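Asks:
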Amino acid sequence: MGKREFIIVASILTTLIIVVGSIQAGNTPIAKSTESPLQTQTITYQFSQPSIQEHNQYTTIRLNEATGYRNIPGEPIEPLVMKTLELPFGTTVKDVQCTLTETAALQLTHKITPAIKPVQFPAKNQIVQPYENPEIYTKNQLFPDNWYSYRLTGGLNNDNILTTFLTIQVNPVRYNPAQGIIQSLASITLDITFEPPTHPFSSTNDTYDMIIICADAYAPLLGPLVAHKNSHGIQTKLITLHDIYSETYFPVEGRDNPEKIKHFIKNAVETWNITYVMLVGNFAQVPIRYSNLESDAGGAYEELKFVSDLYYADLYTANGSFSSWDTNNNGIYAEWSYPDGSPQEDIVDLVPDVHVGRLACMFKSEVKTMVDKIITYENTTAGSDWFNRMVVIGGDTFDKSWEEGTDYNEGEVANAKALEYMPQFISTKLWTSLGNLTTGTVDSEIRKGCGFLYFCGHGSPKSWATHNNGDYVNWTGQYKNTDIRKLSDNDMYPIMIVGGCHNSEIDSTPMNFITGLLREKLHYFTVNETWLGSYYKYNYALECWSWVFVKAPGGAIASIGSSGYGGVNIGDYNHDDIPDCIQGADGWFEVEFFRLYNQENITILGQTYDQVINGYIQNFPVDTNRYDAKIVETHVLLGDPSLKIGGYQ
11 MGKREFIIVA
21 SILTTLIIVV
31 GSIQAGNTPI
41 AKSTESPLQT
51 QTITYQFSQP
61 SIQEHNQYTT
71 IRLNEATGYR
81 NIPGEPIEPL
91 VMKTLELPFG
101 TTVKDVQCTL
111 TETAALQLTH
121 KITPAIKPVQ
131 FPAKNQIVQP
141 YENPEIYTKN
151 QLFPDNWYSY
161 RLTGGLNNDN
171 ILTTFLTIQV
181 NPVRYNPAQG
191 IIQSLASITL
201 DITFEPPTHP
211 FSSTNDTYDM
221 IIICADAYAP
231 LLGPLVAHKN
241 SHGIQTKLIT
251 LHDIYSETYF
261 PVEGRDNPEK
271 IKHFIKNAVE
281 TWNITYVMLV
291 GNFAQVPIRY
301 SNLESDAGGA
311 YEELKFVSDL
321 YYADLYTANG
331 SFSSWDTNNN
341 GIYAEWSYPD
351 GSPQEDIVDL
361 VPDVHVGRLA
371 CMFKSEVKTM
381 VDKIITYENT
391 TAGSDWFNRM
401 VVIGGDTFDK
411 SWEEGTDYNE
421 GEVANAKALE
431 YMPQFISTKL
441 WTSLGNLTTG
451 TVDSEIRKGC
461 GFLYFCGHGS
471 PKSWATHNNG
481 DYVNWTGQYK
491 NTDIRKLSDN
501 DMYPIMIVGG
511 CHNSEIDSTP
521 MNFITGLLRE
531 KLHYFTVNET
541 WLGSYYKYNY
551 ALECWSWVFV
561 KAPGGAIASI
571 GSSGYGGVNI
581 GDYNHDDIPD
591 CIQGADGWFE
601 VEFFRLYNQE
611 NITILGQTYD
621 QVINGYIQNF
631 PVDTNRYDAK
641 IVETHVLLGD
651 PSLKIGGYQ
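According to our numbering, the sequence shown is numbered sequentially starting from 11.
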């Protein structure tokens, strides 16, 4: 296992022109003064004519060179191009000069299709349909406001090198709703002038690869895991919360305990050059940070806060300063108030600077179980036949009447895309369309052993389930916490990806039943088209579904899932003949894990997971679309971030 090095790229190629699309261009030298530290990089795009299609009284705009679409609820769905450049960590952008050529305006017959929200749960009588934000659709000006924008973030790249990422978003088509016209680009050239850091970031030494931060009582039980990690070249140090709060290694910084822990991790990066952080303890033992990104306030799917362990991984902003998640300094973290269209109150970087995973243990017995499972997995999995199996489980997640003419089984579509990235694995499909999805078949396939297990449907802290096509009242394939606990220990532990709301809600506790009842009274049990009582979120489970799966002696070795409401894009609202459910939101996030593992050959669990996060941030506008930001913030890795996928040879 190679140690991450804090290498700073010595220079940027100053003759590079990045060309997007099917164009021909030569390298153009860029003048650079030998007396100035400033460097320049040029990006050129050339675009074909956008195509216009009419669908259901709306217009769809297509562009061959687009990398994706603006998909912000209530706003026009328009093509976009996103590109990320990697620069030395701490680089600052001094200037961006733009040269562009516009095409003649085109008159539209109908309005451009507005985006819908990612769908969360199939509540009775719920209506899902396009909604036009009147603040956008009545404007007599081009939308978006600019032809391009950019965002700077800082974090680990594919090679585990701290990097400044410059993510550029080009809006090659802009729409004037009042006049019913679109204006598009024939070409655009961006000349970016930047300054690399004067004092490149470097760590004091390469003492450790990983720290394990644990509740004090768990320290004696973690010794065998530390020894095991050291034996495989992952130099590991055990840190108790007492060590952090009593300044055993570093002075205490921070306003509350989560911030003190985060500053400790930052100091460990800068002093010991760590790459991985394992948190051992549940939410009451090793404290959590809540994100205050609000969604659907006052509605059926109101969620005003949720747990985000990404807080502990996102240490730095693009310029190397501390990423506080509270840039307005009001003590409310990752604040983004409802309604849709409201800007972020806190500017959050989001890109991981270390790989963080949590063992959400409540008892010492769970710690012992996890230590044994990790050691067994890494020592015995390599070369086994069972690891080469992949089990996928799904059905028809959402009502086909909401899809505007398509009829996708969203869970099965995402399952199939994941399998497409894993061709050498022997696949087992438990699908409602095949008629073979039951609690019993799920149980049977898990007991056979598999390297990867992918559920895609609906969830809660107590269970996972999905629907048959056309039946959105009855649940199919329901797999509960009680079913998981019956799994026998056979030393065959899959890495599990779960698509579903609240499956990884690690702050679930029986006390939430009392809290919810006191806050909502009888409204706590209400279900209608405008409200889903908190009782039905089942966040009063003793421990959440994903953690029950991981801690079970015969369960998974790790899980990736959502601590809050998830979100799925349905139908084909951009009319590109690709199901929207795998083009963004949870479906893209889940499937990307398999692509990175098998096509990019990223075989350390935390690194694979964090590059999914990084990829999402680089491909979707997380700074303007709260639902994209929420996809990133809600996901939690329950497991060892340094885990060697498939074990050591």
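Where a beta carbon is used, it is the ideal one built from N, C-alpha and C, also for glycine. Here the structure is a predicted model, which is why all the values come from computation and not from measurement.
Report the three-state DSSP secondary structure of Ile126 (helix, strand or coil).
Replies: If DSSP states are grouped into helix, strand and coil, Ile126 belongs with coil.
Asks: Name the one or two DSSP bridge partners that Glu313 has.
Replies: Among the bridge pairs identified by DSSP, Glu313 is matched with Ser305.
Asks: Among Glu422, Thr258, Gly78, which one has its Cα closest to the Cα of Gly445?
Replies: Nearest option by C-alpha distance: Glu422.
Asks: Return the CA-CA distance between His65 and Thr119, expressed in angstroms with no decimal places.
Replies: If you draw a straight line from the Cα of His65 to the Cα of Thr119, it is about 11 Å long.
Asks: I believe Asn8 touches Asn186 by the beta-carbon criterion, under 8 Å. Please report the beta-carbon distance rounded to the nearest angstrom.
Replies: In the structure as shown, the chain starts at 11 and stops at 659, and residue 8 therefore has no counterpart that could be examined.
Asks: So, with DSSP's three-state summary, where would you put Ile507?
Replies: strand
Asks: Using the C-alpha atoms, what's the distance from Thr199 back to Gly616?
Replies: 37 Å
Asks: What residue range is occupied by the uninterrupted alpha helix (DSSP H) comprising Thr644?
Replies: 636 to 644
Asks: Taking 8 Å as the cut-off, decide whether the C-beta atoms of Val180 and Ser194 are in contact.
Replies: no
Asks: Use the C-beta contact count for Pro230: other C-beta atoms within 10 angstroms, 16 or more gives buried, fewer gives exposed.
Replies: It is exposed - the Cβ of Pro230 has fewer than 16 other Cβ atoms within 10 Å.
Asks: In this structure, how does DSSP classify Cys224 when only helix, strand and coil are distinguished?
Replies: strand
Asks: Return the first residue and the last residue of the alpha helix (DSSP H) that Leu527 is part of.
Replies: 521 to 530
Asks: Since Tyr55 and Val91 are thought to touch, with beta carbons under 8 Å apart, how far apart are those beta carbons, to the nearest angstrom?
Replies: Contact between Tyr55 and Val91 holds: their C-beta atoms lie close to 6 Å from each other, under 8 Å.
Asks: Does the structure place the stretch 76 to 89 close enough to the stretch 579 to 594 that three or more beta carbon pairs sit under 8 Å?
Replies: yes
Asks: Is Lys127 buried or exposed, if buried means 16 or more other CB atoms sit within 10 Å of its CB?
Replies: buried
Asks: What's the gap between the Cα of Gly656 and the Cα of Asn500?
Replies: 16 Å
Asks: Assuming Ser331 is part of the beta strand (DSSP E), what are its boundary residues?
Replies: No beta strand (DSSP E) contains Ser331, which DSSP labels as neither H nor E.
Asks: Do you know whose CA, among Thr492, Tyr259, Gln354, lies nearest Ala551's CA?
Replies: Thr492
Asks: For Asn338, which residues of its own chain have a beta-carbon under 8 Å away from its beta-carbon, when the five flanking residues on both sides are left out?
Replies: Glu345, Glu355, Asp356
Asks: Taking the Cβ atom as the reference point for each residue, do Trp396 and Cys460 lie within a distance shorter than 8 Å?
Replies: In this structure, Trp396 sits near Cys460, with a CB-CB distance shorter than 8 Å.
Asks: Along the chain, where does the alpha helix (DSSP H) that runs through Asn627 open and close?
Replies: The question names Asn, but residue 627 is Ile in the sequence shown. Segment 615 to 629, the alpha helix (DSSP H) holding Ile627.
Asks: Looking only at its own chain, which residues have a Cβ that is under 7 Å from the Cβ of Asn608, when we skip the five neighbours before and after it?
Replies: Tyr431, Met432
Asks: Going by beta-carbon coordinates alone, are Thr94 and Thr203 separated by less than 8 Å?
Replies: no
Asks: Express the C-alpha separation of Ile254 and Glu88 in angstroms, rounding to a whole number.
Replies: The alpha-carbon atoms of Glu88 and Ile254 are separated by roughly 49 Å.
Asks: Could you tell me the distance, in whole angstroms, from the CA atom of Lys272 to the CA atom of Tyr321?
Replies: 8 Å
Asks: Evaluate contact between the stretch 645 to 654 and the stretch 507 to 517, counting only Cβ atoms and requiring at least three cross-stretch pairs below 8 Å.
Replies: yes
Asks: Let me know the secondary structure DSSP gives Leu497 once reduced to three states.
Replies: DSSP places Leu497 in coil when its eight states are reduced to three.
Asks: Could you check where the alpha helix (DSSP H) with Leu235 kicks off and where it finishes?
Replies: 233 to 241
Asks: Within 10 angstroms of its Cβ, does Ala424 collect 16 or more other Cβ (buried), or is it exposed?
Replies: buried
Asks: Once you ignore the five residues that flank Ser32 on each side, which residues in its own chain have a CB closer than 7 Å to its CB?
Replies: Its pLDDT being 32, under 50, Ser32 is placed unreliably in this model, and the coordinates cannot settle the point.
Asks: By the 10 Å Cβ neighbour count, where 16 or more other Cβ atoms means buried, how is Val483 classified, buried or exposed?
Replies: exposed
Asks: Near Asp105, what residues of its chain come up, given a Cβ to Cβ distance below 7 Å and the 5 sequence neighbours on each side ignored?
Replies: Thr203
Asks: Report the CB separation of Tyr343 from Glu304 in whole angstroms; it is logged as a contact under 8 Å.
Replies: With a Cβ gap of about 13 Å, Tyr343 and Glu304 do not count as contacting.
Asks: Within this structure, are the beta carbons of Val296 and Ala392 separated by less than 8 Å?
Replies: no
Asks: DSSP state of Glu45, grouped into three classes?
Replies: Residue confidence is low: Glu45 scores 42 on pLDDT, short of 50, so the model does not pin down where it sits. Its coordinate-derived value is still stated next. It is coil, neither helix nor strand.
Asks: By the three-class DSSP mapping on this structure, what secondary structure does Pro39 have?
Replies: Per-residue confidence for Pro39 stands at a pLDDT of 26, beneath the threshold of 50, marking its modelled position as unreliable; no derived number is given.
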